[in-house]
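Below is one structure, written out as structure tokens, with a few remarks after it.
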DNA sequence: TAAGTTTACTTCAAGTTTTGAAGTAAATTA
DNA sequence: TAATTTACTTCAAAACTTGAAGTAAACTTA
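Residue numbers (the numbering used here), protein chains in the order written: chain A, 6 to 194; chain B, 6 to 194.
Laid out in structure tokens, this is it:
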């Protein structure tokens with residue numbers, strides 16, 4: 006049933022992607038090119054950007070729904086992303102900033118809410134008293150665990166092996182693109 | 006309790022992804038396993054979501070910078086996404102809604118600004134007078150063209166072949182994941 | 001070591017964007 | 001012809017983002 010929803014024709018003609026020693030996927034042309042019409046629409050970086058945008062919105066929607074189901078109503082998907090970014094580590098605001106490419110004042114705003122909601126705990130670092138150290142509270146950890154459980158349940162129900170692999174593939178490729186965009190930002194495109 | 010953001014249970018070890026007749030990429034095991042250390046970080050869907058988020062922000066930043074460079078200051082990256090979503094076609098608000106998975110009132114808001122800035126033209130459909138038909142004006146088309154030119158210039162300068170392939174790969178895989186999330190939303194995960 | 005600079009944040013006040021609950025008007029259906 | 005549905009738009013409140021201060025600790029330098 007998924008098949009019907011997939012829209013056909015998109016660049017990237019038949020190809021073989023193979024993972025080499027390091028951590029890159031390579032696309033190599035498939036033996037005898039079957040479709041010569043390379044007018045197959047090639048995804049531009051704008052197409053990807055729109056897809057990123059749309060996917061984010063979609064995913065946020067899912068998280069929102071799950072939060073509602075869990076009876077959490079003092080934080081939204083954006084704050085959840087921050088929780089997930091923190092994960093099991095204890096880190097400084099600065100590190101968190103880097104992790105999510107956030108703006109400082111913005112993270113401060115989120116952290117305030119998360120602290121008020123008791124999802125995270127902050128202590129002033131002893132080493133450097135300017136720096137705040139952040140970590141999840143039990144409540145925060147629990148919420149993350151619940152969400153992960155929901156995600157797993159969802160995967161078990163709806164995902165085929167293929168989907169999980171798509172996830173890995175998308176992650177890898179996107180990760181590298183992001184690094185490139187980061188460089189672009191540094192150099193001033 | 007919580008086992009971190011990376012859950013270590015998904016096997017994209019050495020593998021070959023190949024595109025079959027339809028439009029799916031498949032992963033098949035690679036001959037002699039080269040890297041045994043499968044501690045290669047495994048991405049969960051939350052990791053991907055965060056990456057999506059971060060990448061979007063990054064890309065928005067680039068667009069903002071480019072808009073500034075072009076002297077455009079009446080619209081931002083979000084509006085640009087809408088312009089790009091419209092592209093060369095003439096479509097109704099409803100179609101646009103689907104394209105970007107937007108919320109109705111939200112698109113209305115964007116369209117208002119884009120109309121005021123003379124980037125798009127809207128005419129009431131003759132067939133169905135409730136429906137507005139949208140298309141880019143010359144100004145809108147020009148802006149899109151300028152941005153695409155900038156993107157190409159950027160690609161020429163910074164991208165290696167690999168990057169372009171990452172783009173295609175990320176697009177494909179993410180596209181399918183998005184469809185899955187869309188289904189999840191329909192079925193109520 | 002006093003003075004200046006940088007770092008690591010936080011706060012605040014404007015904006016901007018998003019949401020959701022109406023509202024409007026044209027099409028459809030009963 | 002009276003509901004109902006569809007295709008939007010509007011509005012106001014909430015959420016979010018930005019950028020310009022502000023604070024205080026750490027570091028540099030004269």
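Cβ atoms here follow ideal geometry from the backbone N, Cα and C, with glycine treated the same way.
Could you check where the beta strand (DSSP E) with residue i kicks off and where it finishes?
| i | result |
| --- | --- |
| residue 141 of chain B | 137-141 |
| residue 77 of chain A | Element bounds for residue 77 of chain A: n/a, residue is neither H nor E. |
| residue 129 of chain A | 125-129 |
Is the CB of residue i under 7 Å away from at least one CB in chain B?
| i | result |
| --- | --- |
| residue 34 of chain A | With a pLDDT of 40 at residue 34 of chain A, under the threshold of 50, the modelled position of that residue is not reliable, and the figure given next carries that caveat. It does not: the Cβ of residue 34 of chain A has no partner Cβ on chain B nearer than 7 Å. |
| residue 105 of chain A | yes |
| residue 72 of chain A | no |
| residue 123 of chain A | no |
| residue 45 of chain A | Summary for residue 45 of chain A: the model assigns pLDDT 47, below 50, so the residue's position carries little reliability; its value from the coordinates is reported in the next sentence. Output row for residue 45 of chain A: interface = no. |
| residue 171 of chain A | yes |
| residue 79 of chain A | no |
| residue 182 of chain A | yes |
| residue 178 of chain A | yes |
| residue 175 of chain A | yes |
| residue 57 of chain A | yes |
| residue 69 of chain A | no |
Would you please verify whether the beta carbon of residue i is less than 7 Å from any beta carbon of chain A?
| i | result |
| --- | --- |
| residue 95 of chain B | no |
| residue 112 of chain B | no |
| residue 150 of chain B | no |
| residue 87 of chain B | no |
| residue 92 of chain B | no |
| residue 66 of chain B | yes |
| residue 195 of chain B | One cannot answer for residue 195 of chain B here, as it falls past the ends of chain B, which runs 6 to 194. |
| residue 42 of chain B | Here the model assigns residue 42 of chain B a pLDDT of 41, short of 50, so the residue's position is not dependable and the matter cannot be decided. |
| residue 101 of chain B | no |
Could you pull the start and end residues of the alpha helix (DSSP H) that residue i belongs to?
| i | result |
| --- | --- |
| residue 120 of chain A | 109-121 |
| residue 189 of chain A | 166-192 |
| residue 73 of chain B | 50-74 |
| residue 104 of chain A | 98-105 |
| residue 84 of chain A | 82-91 |
Can you list, in chain order, the residues of its chain with a C-beta nearer than 6 Å to that of residue i? Leave out the 5 residues immediately preceding and following it.
| i | result |
| --- | --- |
| residue 105 of chain A | 90 |
| residue 72 of chain B | none |
| residue 95 of chain B | 138, 140 |
| residue 69 of chain A | 82 |
Among the options, whose alpha-carbon lies nearest the alpha-carbon of residue i?
| i | options | result |
| --- | --- | --- |
| residue 160 of chain B | A:156, A:185, A:70 | A:185 |
| residue 191 of chain A | B:54, B:63, B:51, B:58 | B:63 |
| residue 85 of chain B | A:68, A:107, A:51 | A:51 |
| residue 133 of chain A | A:97, A:125, A:92 | A:97 |
| residue 202 of chain A | A:74, A:87, A:94, A:93 | Nothing can be reported for residue 202 of chain A: it is not among the residues displayed for chain A, which extend from 6 to 194. |
| residue 151 of chain A | A:54, A:131, A:74 | A:74 |
| residue 92 of chain B | A:100, A:119, A:183, A:49 | A:49 |
| residue 178 of chain B | A:181, A:180, A:173, A:182 | A:173 |
By Cβ distance below 7 Å, which residues in the same chain neighbour residue i in space, the five residues on each side in sequence not counted?
| i | result |
| --- | --- |
| residue 58 of chain A | none |
| residue 145 of chain B | 88, 124, 125 |
| residue 129 of chain A | 137 |
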